[in-house]
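Its first residue numbered 12, the sequence shown is counted upward by one per residue in the working numbering.
Here's the structure, in structure tokens; my notes come after.
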Amino acid sequence: MIVAGTHGNEKAGTKATEYLKENINIEKGTLIIIPRANILACEENVRCFPPEINLNRVYPGNPQGNSVEKLASEIFNLMKRYDIGLLVDLHESIEFYKKNPKNYGQTVVIDSDDDYLFKLSSFLVEEMNKGINEDSNKYQVLVDPVKGSTAYCAYYQLGIPALTFETCRKLPLSFRIGEQIKFVKIILFKWNMLAVQR
């Protein structure tokens with residue numbers, strides 16, 4: 012399962028998932044893509060909508076709560092409904108993690124140092140870093156549980172391996188979109204969901 016558009020001003024994930032929906036053929040298994048999780052935030056090009064409520068802090072949501080909590084509850088129920096092998100949440104940060112550790116640009120974030128997740132994310136980072144020469148542009152694994160996030164909830168409440176992929180918005184949008192597409196394709200190829208890596 013791929014989630015993008017949790018924050019409406021993080022365009023690379025939304026564009027990447029829209030591209031993937033139109034341009035890949037899954038040969039095995041099922042790929043669930045949510046390209047604009049918070050559609051109103053995406054339409055307004057803002058991080059959160061309503062502005063005071065962060066979708067990525069209210070999981071598992073509340074079916075009787077406010078509009079964002081209801082949305083989180085719907086996504087949580089979708090995660091429960093399917094036998095999900097991995098959840099990937101696509102995000103962007105305003106700064107490189109290596110320049111300011113308060114921001115997560117160029118990281119793969121996991122919510123636990125679970126052996127499987129750590130090995131998987133380390134493999135993904137190694138693949139993503141091939142051909143990247145500038146040190147600050149290189150990805151790294153970050154273990155940083157974020158309560159209320161999509162990935163945290165998937166992992167701790169549903170037992171679904173989950174990770175968050177963060178590109179840095181200081182890089183060109185076209186590059187970031189390409190990186191997010193590449194990241195998802197590496198996963199799909201590893202899971203034998205694509206016959207050939209494209």
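Backbone N, C-alpha and C fix where the C-beta goes; we use that ideal spot for every residue, glycine too.
Original post:
Comparing alpha-carbon positions, which option in Lys81, Tyr150 and Pro172 lies nearest Lys109?
Top reply: Tyr150
Subject >> Contact set for Val136: own chain, Cβ-Cβ below 7 Å, skip 5 residues either direction >> reply: Val119, Tyr150, Gln151 and Val152
**OP:** Evaluate the contact criterion for the region 20 to 35 versus the region 120 to 132: three or more CB pairs, one atom per stretch, below 8 Å.
**Re:** no
Subject >> Which of helix, strand or coil DSSP assigns to Glu85 >> reply: helix
Subject >> Cβ pair count under 8 Å reaching 3, the region 59 to 71 against the region 152 to 161 >> reply: yes
Original post:
Does the beta carbon of Leu128 come closer than 7 Å to any beta carbon on chain C?
Top reply: Any reference to chain C falls outside this structure, which holds one protein chain only.
Subject >> Start and end residues, beta strand (DSSP E) containing Val154 >> reply: Gln151 to Val154
Subject >> Closest Cα partner of Thr25 within the set Arg47, Glu85 and Phe134 >> reply: Arg47
**OP:** Taking the CB atoms as reference points, tell me whether Gln168 and Leu101 lie closer together than 7 Å.
**Re:** no
**OP:** Compute the Euclidean distance between the alpha carbons of Phe87 and Ala165, then round it to the nearest angstrom.
**Re:** 8 Å
Original post:
Does the region 176 to 185 come close enough to the region 89 to 98 that 3 or more CB-CB pairs lie under 8 Å?
Top reply: no
**OP:** With DSSP collapsed to three states, give me the class of Arg209.
**Re:** Any reading at Arg209 needs caution, since the residue's pLDDT is 46, under 50, leaving its predicted position unreliable; the model's value is listed next. Arg209: coil per DSSP, three-state reduction.
Original post:
Can you give the Cα-Cα distance for Lys181 and Glu54, rounded to whole angstroms?
Top reply: 22 Å
**OP:** Only counting runs of 3 or more residues, tell me where the beta strand (DSSP E) segments fall wholly within the region 81 to 138, in order along the chain.
**Re:** 98 to 104 and 118 to 121
Original post:
Phe176 bridges to which residues according to DSSP?
Top reply: Leu101 and Val119
Original post:
Given that a residue counts as buried once 16 or more other Cβ atoms are within 10 Å of its Cβ, and exposed if not, what is Asp146?
Top reply: exposed
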